[in-house]
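Heads up: the structure comes next, in structure tokens.
Residue numbers (the working numbering): -4 to 281.
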């Protein structure tokens, strides 16, 4: 069973005075590219969170966001009274005719007029948040698995197409050989020379062996079967599938270079097209 690197997971938690929302987004990437956004009060927990994400998600361009929304009537922002009074006294010297209300409006807009009391991390609260992180991870992994099922169906369809095209290519091989024989014999007759029949047969066999695609057919079939076997494996295997597609491409290209037959070459082009579609989607596999 394969998994996609693309996914999204979200979970929320309502505490007594705040609401916590965890969102995890993932896209394909060669390695692990992890970006974490969280309230500064939780920053000392970031390293542990990163390790947890790396273990659970393994690979991908991953954005983790933890949002903190206060639902209490009280706020942690307080008026910095001494600073505001100092600003008002200075403003009074500049705007002697201004009343206190106007001075107050100007003073509270000045730097440091408000102070935010930094909350300390509550271990019990972080334990609850950890449960929400686990839930978001479970959701994104469920999403990745679902996407993996769709990818697997797509791969099996493309592999079956390549297998069919390969067999149709091989089926034309005997026709191609007869065509080559006839063409060579006609060319020799045009030259009006007498040849040793045994020598001609030997040279013809040597020539045809250079264009024989039996080995390529056998290797390509093995690669196709190995691809299907790897799809059914239990381990993360996106990189392995990528290596197999490279080997498949080599065999298809060799078949194309040997297929001096128009219909066979058309089948080879179609196989290349199917393989390119597989390669595009393999990049999304975990």
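For glycine and all other residues, C-beta sits at the position ideal for the given N, C-alpha and C.
Owing to the predicted nature of the structure, the values given are computational and were not obtained by experimental measurement.
Given residue i as reference, the closest of the options once Cα atoms are compared
| i | options | result |
| --- | --- | --- |
| residue 15 | 209, 64, 59 and 161 | 64 |
| residue 212 | 173, 7, 163 and 227 | 163 |
| residue 73 | 121, 107 and 38 | 107 |
| residue 222 | 239, 209 and 143 | 239 |
| residue 0 | 160, 261, 18 and 141 | 141 |
| residue 244 | 256, 224, 232 and 273 | 273 |
| residue 130 | 36, 264, 5 and 119 | 5 |
| residue 23 | 55, 34 and 11 | 55 |
| residue 176 | 255, 136, 161 and 121 | 255 |
| residue 17 | 260, 121 and 25 | 121 |
| residue 2 | 21, 13, 11 and 12 | 21 |
| residue 80 | 100, 7, 53 and 50 | 100 |
| residue 208 | 260, 61, 25 and 127 | 260 |
| residue 150 | 275, 11 and 13 | 275 |
| residue 66 | 230, 12 and 78 | 12 |
Other residues of its chain near residue i: CB distance less than 7 angstroms, five sequence neighbours each side excluded
| i | result |
| --- | --- |
| residue 258 | 167 |
| residue 242 | 218 |
| residue 249 | 211 |
| residue 246 | 211, 214, 215 and 218 |
| residue 31 | 41, 44, 45 and 59 |
| residue 83 | 98, 99 and 102 |
N-terminal and C-terminal residue of the beta strand (DSSP E) that residue i is part of
| i | result |
| --- | --- |
| residue 19 | 13 to 22 |
| residue 277 | No beta strand (DSSP E) holds residue 277; the alpha helix (DSSP H) holding it covers 257 to 277. |
| residue 282 | The structure shown does not extend to residue 282, since the chain is modelled only from -4 to 281, so the question has no answer here. |
| residue 61 | 55 to 65 |
Length of the line joining the Cα atoms of residue i and residue j
| i | j | result |
| --- | --- | --- |
| residue 277 | residue 237 | 6 angstroms |
| residue 157 | residue 216 | 9 angstroms |
| residue 170 | residue 269 | 25 angstroms |
| residue 234 | residue 47 | 22 angstroms |
| residue 103 | residue 86 | 12 angstroms |
| residue 9 | residue 280 | 35 angstroms |
| residue 262 | residue 271 | 14 angstroms |
| residue 76 | residue 93 | 20 angstroms |
| residue 7 | residue 252 | 58 angstroms |
| residue 155 | residue 144 | 17 angstroms |
| residue 38 | residue 124 | 13 angstroms |
| residue 174 | residue 181 | 11 angstroms |
| residue 137 | residue 264 | 37 angstroms |
| residue 206 | residue 152 | 29 angstroms |
| residue 220 | residue 25 | 25 angstroms |
| residue 61 | residue 133 | 16 angstroms |
| residue 96 | residue 118 | 43 angstroms |
Start and end residues, alpha helix (DSSP H) containing residue i
| i | result |
| --- | --- |
| residue 141 | 118 to 166 |
| residue 5 | First-last for residue 5: 2 to 9, but that is the beta strand (DSSP E), not the alpha helix (DSSP H). |
| residue 252 | 233 to 253 |
| residue 45 | 41 to 52 |
| residue 88 | 76 to 89 |
| residue 213 | 209 to 226 |
| residue 99 | 95 to 102 |
8 angstroms Cβ shell around residue i - same chain, five flanking residues per side excluded
| i | result |
| --- | --- |
| residue 147 | -4, -3 and 226 |
| residue 27 | 49, 52, 53, 54, 55 and 57 |
| residue 126 | 8 |
Residues near residue i in its chain [Cβ-Cβ closer than 6 angstroms; skip 5 each side]
| i | result |
| --- | --- |
| residue 232 | 225 |
| residue 19 | 4, 59, 131 and 135 |
| residue 160 | 262, 265 and 266 |
| residue 128 | 17 |
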